[in-house]
Amino acid sequence: MVENGIGASVRRKEDKRFLIGKGNYTDDINVAAQTHACFVRSPHAHATINSIDTGEAMASTGVVAVLTGDDLAADGIGPLICGVTVTSDDGEPHRAPAHPALAQGKVNYVGDHVAIVIAETLAQARDAAEKVDIDYGVLPAVTDTGSAADEGQQQIHEVAPNNMCFNWPFGEKDAVEAAFASAHKISTLDLVNNRMVTNPMEPRAALGEYNEGTEEITLHLTTQNPHVHRLVLSAFNQLAPEHKLRVVGPDVGGGFGAKIFVYAEELVVGWACRKVKRPVKWTSDRTEAFLSDAHGRDHVATAEMAMDENGKFLAMRVMTQANLGAYLSTFATMVPSYLYAFLLAGQYTTPLIYSEVKAVFTNTAPVDACRGAGRPEATYLVERLVDVAAADMGLDPAEIRRRNFIPVDAFPYQTPVVQCYDSGDYEAALDKAMAMADYDSFSARADEARTRGKRRGIGLSSYVEACGIAPSAAVGQLGAGVGLWESAQVRFNPTGNVQVFTGTHSHGQGHETTFAQLVTEQLGVPFENIEVIHGDTAKTQFGMGTYGSRSLAVGGVAIAKACEKLIAKGKKIAAHALEAAEGDIEFADGNFSVAGTDKAMNIAEVAFTAYVPHSYPEGLEPGFDENAFFDPLNFSFPAGTHICEVEVDPETGVVEIVKYTAVDDFGKLVNPMIVEGQVHGGIVHGVGQALLEGCRYDSEGQLITASYMDYAMPRADNVPSFDIDYAPTNPPHNPLGVKGCGEAGAIGAPPAVINAISNALGIKHIDMPATPENVWRAAQTAALG
Amino acid sequence: MYEFSYHKSASVDGAVEAMNKAEDGKFVAGGQTMLPTMKHRLAAPSDIIDLGGIAELVGITVEGDSINIGAMTTHAAVAASGDVQTMIPMLAKLAGNIGDPAVRNRGTIGGSIANNDPAADYPAAVLALGATVKTNKREIAGDDFFTGMFETALADDELITSVSFPKPTAAAYMKFENPASRYAIVGVCVAKTDDGIRVAVTGATPCVHRGKQLEEALKGEFSSAACVGVDVPEDQMNADIHASAEYRAHLVKVMTKRAVDACT
Amino acid sequence: MPAVAMNVNGNAVSGEVEPRTLLVQFLRESLRLTGTHVGCDTSQCGACVVHVNGKSVKSCTMLAVMADGCDVTTIEGLATDGSMHPMQQAFMDNHGLQCGFCTPGMVMTALDIVNRNGNDLNEATVRKELEGNICRCTGYHNIVKSVQAGAKAMGE
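Protein chains in written order, with my numbering: chain A, 119 to 903; chain B, 356 to 619; chain C, 2 to 157.
(1) Going straight from the alpha carbon of B/THR507 to that of B/PHE382, what length do you get?
(2) According to the neighbour-count rule (16 or more other Cβ atoms, all chains shown, within 10 Å of its Cβ), is A/ILE640 buried or exposed?
(3) Rounded to whole angstroms, what's the CA-CA distance from A/VAL781 to A/PRO525? Just pull it up for me.
(4) Who are the Cβ neighbours of A/GLU704 in its own chain at under 6 Å, not counting the five residues just before and after it?
(5) Express the C-alpha separation of A/VAL120 and A/ASP133 in angstroms, rounding to a whole number.
(6) At the 8 Å Cβ level, is C/ASP42 part of the contact set with chain B, yes or no?
(7) Below 8 Å on the Cβ atoms is my guess for A/VAL433 versus A/LEU457; work out the distance and round it to an integer in Å.
(8) Between the C-alpha atoms of A/GLU517 and A/TYR581, what's the straight-line distance to the nearest angstrom?
(9) So A/ILE822 contacts chain E; which residues on that side make the cut at Cβ distance below 9 Å?
(10) With 16 as the cutoff for other CB atoms within 10 Å, does B/MET504 come out buried or exposed?
(11) Within 8 Å (strictly less), CB to CB, does A/THR770 reach chain B?
(12) Can you tell me whether A/GLN272 is buried or exposed? The criterion is at least 16 other CB atoms within 10 Å of its CB, across all chains shown.
(13) Within this structure, are the beta carbons of A/ILE335 and A/PHE449 separated by less than 8 Å?
(14) Can you tell me whether A/LYS134 is helix, strand or coil according to DSSP?
(15) Could you have a look at C/ASN116 and say whether DSSP puts it in helix, strand or coil?
(16) With a threshold of 8 Å between beta carbons, is C/GLU17 in contact with chain B?
(17) Between B/ALA365 and the rest of its own chain, which residues show a CB-CB distance below 8 Å, the 5 nearest in sequence each way excluded?
(18) If the cut is a Cβ gap below 8 Å, which residues of chain C does A/SER825 touch?
(19) Per DSSP, what kind of secondary structure is B/CYS544 in: helix, strand or coil?
(20) With the cut-off set at 8 Å, would you say A/VAL871 and A/ILE884 are in Cβ contact?
(21) Check the Cβ-Cβ distances between A/ARG570 and every residue of chain B, and say whether any is below 8 Å.
(22) Look at A/PRO454 and A/PHE374 and say whether their C-beta atoms are less than 8 Å apart.
(23) Quick one: what's got a C-beta closer than 6 Å to A/GLU501's C-beta in the same chain, skipping five residues either side?
(24) If contacts are defined as beta-carbon pairs under 8 Å, then C/GLY36 and A/GLY653 qualify, I think. What distance do you get, rounded to the angstrom?
(25) Quick one: using the 10 Å Cβ neighbour count with 16 as the cut-off for buried, is A/ASN481 buried or exposed?
(26) Hey, is C/SER1's beta-carbon within less than 8 Å of any beta-carbon in chain B?
(27) Going by beta carbon distance, what residues of the same chain come within less than 6 Å of A/ASP207, once the five residues before and after it are set aside?
(28) Mapping DSSP to helix, strand and coil, what is A/THR899?
(29) If we cut at 8 Å on Cβ distances, does B/PHE531 have a partner in chain C?
(30) Just the chain C side, please: which residues come within less than 8 Å of A/TYR143 by C-beta, in chain order?
(31) How do the stretch 389-396 of chain A and the stretch 148-156 of chain A stand: do at least 3 beta-carbon pairs fall below 8 Å, yes or no?
(32) Report the rounded CA-to-CA distance for A/ASP292 versus A/THR420, giving the unit in angstroms.
(33) Rank B/ALA384, B/CYS618, B/ILE464 and B/VAL413 by C-alpha distance to the C-alpha of B/PHE577 and give the top, closest one.
(34) If you count every other CB in all the chains shown that lies within 10 Å of the CB of A/ASP716, and 16 or more means buried, which is it?
(35) Kindly indicate which three-state DSSP category A/ILE677 falls into: helix, strand or coil?
(36) Find the nearest neighbour of A/ARG98 within the set A/THR451, A/GLY855, A/ASP527 and A/ALA463, judged by alpha-carbon distance.
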């Protein structure tokens, strides 16, 4: 194995700067003559704006400017957009209400942006923001997902009758109905997928600078995808032409989806810095983050499974109502549709699936992707329904899964819901996880717990997810406004060290390390001589950024392809230098050699020759610097089985996770240490959803959970350490043999936890978050003996 | 935060003088509740009088069968005190579970009691142990100190100098934490004292209170079983997204039972 | 505006601040020590933990004027002569960080844990002691390992 190459748990290159306090996050950046911004936000969930008086605020100490939606409109700055079109059952595109970056005449959720106050200091901006006098005409609010489209509800947007964004049926309805009609047994489950606030630890921020000389705007943003931000801000918001707009995502403190989207604050800061001809900085505080970051999940669903007498799944029917919030965030429509319904087959051979998704508007913050995005919702529904089905059939949860797994020899496997799974060995993962979790001796542990007045439960979750969304042609057909390829540039410097430019963005994933491992493996350049550069549209070629666990599966392959081009070119250079035929040149371990001889040349020497081409192949371009773009043929489909064991105190409802086992298939691991860290983090995100995190609005649309005092984040003492292992398969269409790993934990964990609690209490279902009170109530109902 | 004037005094008298001169002054001890409140612009004092420089308010002394804790003594200091651990281990444990380690390094007993947050821990100990709150003006019996939600018997220019806790025969505090804030959803302190059995309940109602019916039941028989039949009325309980009144009432009994078990 | 003077990472510093300036603002904005972060406004997340007179505090919940005359240590003050403190090294060796945002607060809290609990830390103690520091990336598993390893290394 190459030292520090593929498969090595190399310590991370990025760690030192973070550990010594030298990270460079957006709010850490300060520039000369910088001003500070505070957004005036709506205190009402739904109201007309009768008037805005900025006079007193303008007169407040230190104020540079107070700008409103009228100013924005006057400058021709366009509304925020949603980049994916979903066609509703009436054949029309989804309803897309205008989403101005600063309100124009109406506000639609608490936290909606009304004005920006710019002052010399942040404290002065905040002082002045309170002096902006707004006359609101308060309207009734709609906040409840399940009833938002009911008749008689307050209407939020004129363009969206009944508060409906789309009604999207998918699948063979009649065939499914026929299968249900002749089924041996039908299992049914109503469930809620609780709304989450994504909560990366670094709050969002934006720093805008305008250079009057070059007429260029530079925006430092907390972004997962700087080029996507630049494209949208240019093409759709008319902020500046793409070549006059530089977007930098410096160190970013976690994203989990929340920093994919183009937000109002980002557009307004970019616009305002040109308007006031001073740099403008805005940093969200945590309460603002709760109010204005895009939220996640928030489904109400009914799921039904039809089975034959052996517990074999015949058909599934799913009716879902999904809350999209007050406006459409950048990819909002895609999450409860394509990223959800296309995963409803799970790991099973269910031949017929019918799904109907009604997406509704409410007077709440926009809802978009949050770690997993649609796939956690699908997996939770499927894996909970499978447990209910097992109980209905009198089968062990493991047994019903085995009876319905897609067999290992059936891959690639075409599901009835579009996706064609690449590779998988679901039974292997289940077997390994059950062995690690000591599943077979669970009943002894449950008996022992009972002697202490506790109830033990064990829960399985056999998930499959789709990451590295692709290919571009397919997502285009589905209505996406972008392609989903990735780019790389691998550049040798004349002295032989390497700079790798990637279009992905690292905000915790460790790309600077993992991608350097790919290059050291392929080119034989020492790990320490490789630098990975990302996150600046002025430095890197166009790229699509990081989300959906795509960076290695798509971006990593682009790097590998650029390396292949370098090797091909290097062979020409080496052949010339070594006076051999190009076909006789072999490349291994960083050396070009003439086959069968000891004549060889190091790749660093080749690079030098390419830049100092005194003796050089005729007709060959100088330079040693290659670009590649990679558009995969398919998604990648990580899968696995997670097993959660809980102990419930029926007297208080407190749930303790006593053991958690995860066996995943991520294909080949480049850096197992990093992969394991991704799994840990994902699991705790999922445990958070299952036990702790529930975003709540009251009926007037006030966000009750607007700080960490009321929104329960998982902490170190909420979780145990985890037992992690792998059951890898080889995805045939991925040149590196890799799958994504960033979201798996958040997808696998929620059903494992809830299945375990249901098992402990002997109940059919409990909704998330399974808070102590909810569990206590369920325990009362279950009347435990 | 809104603007304010800042004063720091080295003496109690100096602090009181600054308060009397202020238009709408506030004493600040560790600031662990006050500063977040001010950051959210939910409080706008004209003047902040920082008690952090008054050395005489810091320290733990044993006075016969009592422990006297200076008002500006941090939770961390109380938790780590050998004297407290020996004489009233319950109190050391309670202090060591307020907030988190960094909060405990700043937060003080005087600040906690003067603030009287309905979900704070210390008020339960003050009530259950029958402590005496000493101020720059007088001594106030624990039973008379907490008068309502965020309200106490303190006058505007009165500040706590120390709290004196008599050593109980046995005592235990059981806290059911809010999973988000880690404050008490319900906290019950049970103590066997010279004054009999005392039960104090925090978190459950708008203000810390004695659980008189629980005390009565425990006087008959000091066992967790004795609590089972006690009626804890739901209608006086707090209710929020974390716990309904019914659940809180239930938890009062459960935490009492567990505290009783921990005493015996 | 009141003047403040304190010793930060061994250096005497002073400045004039509005009374409402938080210690973290003074560190980040006046001293440009941006390693200390702000992750919430309710004193819950711990991204802002620094040491004041040798004890961990949340610098978002302390006024700069309250630290007048104090010794303050931030994450920037731990490494010596270019080599990381054993606790910093332990976080690197055990992959105890991902995005790095909560990391300075975690490390400063970890040192406080060791100061009070010694070098041989069990998992339950570490998990309980980390109550005031929130991380969204790591699931805590490797942070706990890092703190245990760092504590041990500090005793060697």
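Here a beta-carbon is modelled for each residue, glycine too, at the ideal position from N, C-alpha and C.
Taking the definition as stated:
(1) Counting only the Cα atoms, B/PHE382 lies some 14 Å from B/THR507.
(2) Here the sequence assigns Gln to residue 640 of chain A, which means Ile is not the residue at that position. Result: buried.
(3) Rounded to the nearest angstrom, the two C-alpha atoms are 17 Å apart.
(4) Hits under 6 Å: SER711 and ALA713.
(5) Approximately 22 Å, taken between the alpha carbons.
(6) So, interface residue.
(7) According to the sequence displayed, residue 433 of chain A carries Ala and not Val. Taking 8 Å as the upper bound for CB-CB distance, A/ALA433 and A/LEU457 are not in contact here, some 22 Å apart.
(8) So the alpha carbons of these two residues sit roughly 15 Å apart.
(9) Of the protein chains in this structure, namely A, B and C, none is chain E.
(10) With fewer than 16 other Cβ atoms within 10 Å, it is exposed.
(11) Chain B, which has a Cβ nearer than 8 Å to the Cβ of A/THR770, makes this yes.
(12) With fewer than 16 other Cβ atoms within 10 Å, it is exposed.
(13) Judged by their CB atoms, A/ILE335 and A/PHE449 are not nearer to each other than the 8 Å cut-off.
(14) A/LYS134 falls in the helix class under three-state DSSP.
(15) DSSP places C/ASN116 in helix when its eight states are reduced to three.
(16) Chain B contact via Cβ: absent.
(17) Answer for B/ALA365: GLY408, ILE409 and ALA410, listed in chain order.
(18) Correct list: CYS41, ASP42, THR43 and GLN45.
(19) Collapsing the DSSP output to three states places B/CYS544 in a strand.
(20) In this structure, A/ILE884 does not lie closer than 8 Å to A/VAL871 by Cβ.
(21) It does not: the Cβ of A/ARG570 has no partner Cβ on chain B nearer than 8 Å.
(22) Contact flag unset, no.
(23) Around A/GLU501: SER579 and PRO869.
(24) Between the beta-carbon of C/GLY36 and that of A/GLY653 there is about 20 Å, and that puts the pair past the 8 Å contact cut.
(25) When all chains shown are included, A/ASN481 counts as buried.
(26) Nothing about residue 1 of chain C can be reported from this structure: the residues present for chain C run from 2 to 157 only.
(27) So the qualifying residues of the chain are ASN285 and PRO287.
(28) Correct three-state label for A/THR899: helix.
(29) Not closer than 8 Å to any Cβ of chain C, the Cβ of B/PHE531 fails to qualify, so no.
(30) Below the 8 Å Cβ cutoff, chain C contributes THR35, HIS38 and PHE102 as neighbours of A/TYR143, in chain order.
(31) Contact between the stretch 389-396 of chain A and the stretch 148-156 of chain A is present: three or more C-beta pairs spanning the two stretches fall below 8 Å.
(32) Each residue's Cα considered, the two are about 18 Å apart.
(33) Comparing alpha carbon positions, the residue from B/ALA384, B/CYS618, B/ILE464 and B/VAL413 closest to B/PHE577 is B/CYS618.
(34) Flag for A/ASP716 reads exposed.
(35) Here A/ILE677 sits in helix by DSSP.
(36) Here chain A covers residues 119 to 903 and nothing more, so residue 98 of chain A does not appear.
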